[in-house]
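Numbered by mature numbering (1 follows the signal peptide of the UniProt record, and there is no 0), the letters in the sequence shown go through residues -25 to -1, 1 to 514 in order. Positions of the beta carbon are idealized from the N, C-alpha and C atoms, including for glycine. Presented below is the structure to which this report refers.
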Amino acid sequence: MAVAAVAAGAATVATPVTTPAAAAAAPQLVAAYGFDDGAGTTAVDASGNGLTGTVAGATWTGAGAFGGALSFDGAGSRVVVPGDSRFDLAAGFTLAAWVRPESLDGWRTVLLRERGDGLAYGLYASSDRYGPDVAVNTGDTDTNLPGDDPLPVGAWSHLAATYDPAVGLVVYVNGTAVAESPRSGAVNLDGVGDLSIGGNTVWGEYFDGLIDEVRIWNGPLTPAEVKANVEVSVAAAPGFRPQVSQPPRGSRVGGTVYLQATRGYQTPTAVQFLLDGAPLGAPVTWRLGQGYVMDWQANTAAPGWHVLAARAFYGDGTSLDSGPYSVEVAAPRPGLLGAWGFNEPIGRAYDYSGNGNHLALNDAMQTPGEVRTGLTKHGEVGSATVADKPVLSPGGALTVSAWVRPNANLDGTQPLVVKRVWTGPIEYGLFATTDSAGLTGVITTDAGTFTVTGGDLTIGDAAHVSLTYDGAALRLFVKYTEVGSVPAHGTVIDGTGALSMLSAPGDGKVDLYLGVIDSVRVYNRALTAEELAGDNTPA
């Protein structure tokens, strides 16, 4: 292979590369070749996209990693898939295959998207540095990332590579990351042509050995998803594939989590949710207007990345799994009393803290929020409440935080998060106001009522707002910057008022907040500005 540039900083790594926790669109399977056809010159694409390949010189064998495979002679045999726009993976990719090489001298192509006299992207079983290699062209030159150690000859290995323009390249062997390197930029697709498996005609680099279970995704899988696919064979026949649709892929979760799977063009009798390959509860059946849903107590799983999946069961006794779908279970947060992200269907608002403080939504409606989905009032009414519980009484310290986006003039005092009996004292509350300050915070302790004002809120702009109390001072923060403080002392009263959002009982009336609220949290300790800045994601 003619290499114009080799990525600097390629290094062997001992642990999988982590990915951002922010939600992202799930990569879609573009093509999948299980090579179970057994005869003829056609390699069927099991993804359902119809990207059929033509077998040129390779021979069929039943000795694959899973079922059948193709044997390549290293001298010109390959599978050719005509160029298609679905192979235009400008925004990143995942390439994967099982390989059993018979020789590893020089460049041995597993798959490659040809581009004139070069490549757009490619996966190699070996390179001039001997280890497996991924290549991508993001301009005028190719960037290659080789692994340090060669694959074993005469034995099966699972080889995969990902490219994320925001992160870089990663090479995996048997589900473990063996090399990574930063790289940015869209994949160069100028003059792209065929996808070639087992060889390429640009430099005449051909694979010698067996290839099986070739898969291509139109984005980077997470390390957990790459590992999960190692032992999952390509489905030879297209059919219903359930899709995990909630929680969002790549999200951080905790407490009670709403799981949802949608159906495809065949109707299963039931769907079983899986966590890291093991069943989660019992299979669920279709619910009108929701699909296949269940509640998962995420904190029963260890903190860290996990793989969710959904298995569809059919009336004829067969079943089919979805692709893996990773989420991160958050580690317990010290002092967290309640956390709400409003990502469930309308009528539900689960407490992510694990304390069971689920909200009742009263004419409140979901709307696009700052993190994912927020909550706003419906017409002239709307609230979210949870009845008083001992766990919601913070004692001698407190933090109340939320993302807010006012969508109308802040007329009067508008409640964001308030705990109060109808006409009794405010136990603690955070308000948006029309006074000279944009925020007001109130607590009542056994020493009296304390009020702090400060900050500024702009109509239509999102801001992270917080109220903290550490036993000595009551403070307000906007976008993690302190905007007001007053001395305060005592223990916050342990009242019987409900915790309310969007609206709250006032003196003989109900006040309403005219805007969106998202990612609300209550702690029994005072978070610092640095902690607040790191506490702005779901769960």
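Let me make sure I understand the geometry here. Which of the options has the alpha-carbon closest to that of residue i?
i, options, result
"Phe68", "Gly25, Tyr138 and Asp80", "Tyr138"
"Thr374", "Thr443, Val302 and Thr84", "Thr443"
"Asp421", "Thr456, Gly465 and Arg308", "Gly465"
"Trp192", "Ile401, Ala236 and Ala6", "Ala6"
"Val189", "Ala14, Leu295 and Asn204", "Asn204"
"residue 588", "Pro198, Ser478 and Leu255", "Examination of residue 588 is not possible in this model, given that the chain is present from -25 through 514 alone."
"Gly42", "Asp187, Gly316 and Gly129", "Asp187"
"Gly129", "Val153, Val111, Trp73 and Gly122", "Trp73"
"Leu196", "Gly179, Ala463 and Tyr147", "Tyr147"
"Ser376", "Asp469, Ala314 and Gly413", "Ala314"
With H, G and I counted as helix, E and B as strand and the rest as coil, what does DSSP make of residue i?
i, result
"Asn163", "coil"
"Leu134", "strand"
"Pro254", "strand"
"Phe68", "strand"
"Pro125", "coil"
"Glu77", "coil"
"Asn499", "coil"
"Asn274", "helix"
"Val366", "helix"
"Arg158", "coil"
"Gly225", "coil"
"Ala(-22)", "Because the pLDDT at Ala(-22) is just 32, under 50, the model does not fix this residue reliably, and the value given afterwards should be weighed accordingly. Of the three classes helix, strand and coil, the one that applies to Ala(-22) here is coil, per DSSP."
"Phe248", "strand"
"Val485", "Confidence in Val485 is poor, its pLDDT being 49 and thus under 50, which makes the residue's placement unreliable; the coordinate value appears in the next sentence. Here Val485 sits in strand by DSSP."
"Arg262", "strand"
"Ser494", "strand"
"Arg61", "helix"
"Ile434", "coil"
"Pro462", "strand"
"Gln218", "strand"
"Ile468", "coil"
"Asp169", "strand"
"Ser475", "strand"
"Phe317", "coil"
"Pro390", "strand"
"residue 543", "Absent from the model: residue 543. The displayed extent of the chain is -25 to 514, so no value can be given."
"Ala33", "coil"
"Gly423", "strand"
"Asn119", "strand"
"Thr398", "coil"
Going by the CB atoms, is the gap between residue j and residue i shorter than 8 Å?
i, j, result
"Leu249", "Thr36", "no"
"Ala305", "Val366", "no"
"Val232", "Ala257", "no"
"Ala44", "Pro76", "no"
"Leu86", "Ala135", "no"
"Gly106", "Asp124", "yes"
"Thr268", "Gln235", "One detail in the question is off: residue 268 reads as Val in this sequence, not Thr. Going by C-beta atoms, Val268 is nearer than 8 Å to Gln235."
"Val461", "Phe425", "yes"
"Phe47", "Asp165", "no"
"His439", "Trp378", "yes"
"Val417", "Val495", "no"
"Ser156", "Leu126", "no"
"Lys394", "Gly404", "yes"
"Pro473", "Asp363", "Contrary to the premise, residue 473 reads as Ala rather than Pro in this sequence. Against a cut-off of 8 Å, the Cβ pair of Asp363 and Ala473 comes out as a contact."
"Pro222", "Asn318", "yes"
Residue range of the alpha helix (DSSP H) that residue i falls in?
i, result
"Val19", "First-last for Val19: undefined, no H or E at that position."
"Leu507", "Ala504 to Ala508"
"Ala203", "Pro198 to Val205"
For residue i and residue j, which I take to be in contact (beta-carbon distance under 8 Å), what is that distance rounded to the nearest angstrom?
i, j, result
"Asn499", "Gly370", "6 Å"
"Asp108", "Gly93", "Going by Cβ atoms, the distance from Asp108 to Gly93 rounds to 15 Å, so no, they are not a contact pair."
"Val219", "Ala284", "7 Å"
"Ser102", "Trp82", "6 Å"
"His333", "Val361", "7 Å"
"Thr415", "Thr428", "5 Å"
"Ala21", "Val207", "Contact doesn't hold; Cβ gap of about 12 Å is too wide."
"Arg88", "Leu170", "5 Å"
"Tyr289", "Pro243", "6 Å"
"Tyr96", "Val30", "That belief does not hold up - the Cβ atoms of Tyr96 and Val30 are roughly 22 Å apart, past 8 Å."
"Gly174", "Ser52", "7 Å"
"Gly230", "Tyr327", "4 Å"
"Arg380", "Gly430", "Not confirmed; about 14 Å, so no contact."
By the DSSP assignment, the beta strand (DSSP E) with residue i in it spans what residues?
i, result
"Phe288", "Gly279 to Phe288"
"Val54", "Arg53 to Val56"
"Glu303", "Tyr300 to Val304"
"Arg104", "That residue, Arg104, is in no beta strand (DSSP E); it is neither H nor E in DSSP."
"Arg380", "Leu373 to Pro381"
"Asp183", "Asp183 to Trp192"
"Tyr8", "Leu4 to Tyr8"
"Val146", "Gly143 to Val148"
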